[in-house]
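Take the position in the sequence shown, starting the count at 1, then add 14; the result is the number in the numbering used here. Quick reminder that beta carbons are idealized off the backbone N, C-alpha and C, glycines included.
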Amino acid sequence: MAGDKKHTISVLVENHFGVLARVSGLFSARGYNIISLCVGETEDPAVSRMTVVVRGDDNVLDQITKQLNKLVDVIEVLDLTETSFVERELVMVKVKATTARRSEVAEVANIFRAKVVDVDAESMIVQCAGAEGKIRAFIDLMRPFGIIELVRTGEIAIARSSK
C-alpha cells in the first residue's frame, strides 16, 4: 500500500484478563496484520507493556491510537515510530551441528555476540538478541548449517530519555 510504513506502538495496560484480545482486535478490525506483538509485566506487576509492530497508513494508525486510548484498561499509548527508541528482539536457532561443525557455529555466534545455550550430539541451540537487522543477518548466516527449528520473540521497544 502507498504511504504504509512500519509503526512500533507501546501500549501500557492494566494486567487484566481479556486486554490482549481487545487491543489486538482493534488492529485486526481495521485490517492491520500485526508483524509482532510482545506482552510482559512491567516493574509493576499490575501493569503490562505491549509492543505492537504493524505496517500501515499514518492516518488509520492515528485512529487506532485514539480508539486504544478509549479502552478502559489502557493506561498509555505511544507511537514510538517518530521518536528515539531502543528496540530488541530475541531469537533462538537450533542448527545441525555435529562435533566437526560445532566450532564453526560457535564462531558465527561469537561474531554476533550470541550465546550457545544447548548442545547435543547432532545439534546446537544458539540465542541472539539485537535489532531486527542484526537478527535477520544472524539467521541468514545460520541457514548454511541447516536450521532445524527457529523461534523469535518479536520486537520489544522502549523510548530513550528525553534529555
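At 4 residues or longer, and completely inside the segment 129 to 157: list those alpha helix (DSSP H) runs for me, N to C.
Taking only runs of at least 4 residues, the alpha helix (DSSP H) segments lying wholly in the segment 129 to 157 are 146 to 156.
Can you tell me whether DSSP reads F126 as helix, strand or coil?
Taking the first residue of the sequence shown as 1, we reach residue 126 at position 112. DSSP places F126 in coil when its eight states are reduced to three.
Hey, quick one: how far does the alpha helix (DSSP H) through S24 stretch, first residue to last?
Translated into positions along the sequence shown, residue 24 becomes position 10. Counting along the chain, S24 falls outside any alpha helix (DSSP H), though it belongs to the beta strand (DSSP E) covering K19 to E28.
Can you tell me whether M15 is buried or exposed? The criterion is at least 16 other CB atoms within 10 Å of its CB, across all chains shown.
Position 1 of the sequence shown, counting from 1, holds the residue named residue 15. Legend: pLDDT at M15 = 49, less than 50; position of this residue unreliable, value from coordinates given subsequently. So M15 counts as exposed.
Report the partner residues of E118 according to the DSSP bridge assignment.
Walking along the sequence shown from the start, residue 118 turns up at place 104. Beta-bridge pairing links E118 to no other residue.
Using the beta-carbon count (16 or more within 10 Å), is S175 buried or exposed?
Walking along the sequence shown from the start, residue 175 turns up at place 161. S175 is exposed by the Cβ-count criterion.
Ignore the nearest five residues each way along the sequence and tell me which others in F159's own chain have a CB closer than 7 Å to its CB.
The count along the sequence shown starts at 1 and reaches residue 159 at position 145. Taken in chain order, the residues that qualify are V109, K110, A111, R115 and V119.
In whole angstroms, give me the CA-to-CA distance for F126 and V140.
The residue labelled residue 126 in the question sits at position 112 within the sequence shown. The residue labelled residue 140 in the question sits at position 126 within the sequence shown. Looking at the two C-alpha atoms, the distance is approximately 11 Å.
Could one say the Cβ of V61 lies closer than 7 Å to chain B's Cβ atoms, at least one of them?
No chain B appears in this structure, which consists of one protein chain only.
Which residues share a DSSP beta bridge with E55?
Counting from 1 along the sequence shown, the entry for residue 55 is found at position 41. BP columns for E55 point to S62.
Residue range of the beta strand (DSSP E) that V88 falls in?
As a first step, residue 88 is located in the sequence shown; it is residue number 74 there, counting from the start. Where V88 is concerned, the enclosing beta strand (DSSP E) stretches over V88 to D93.
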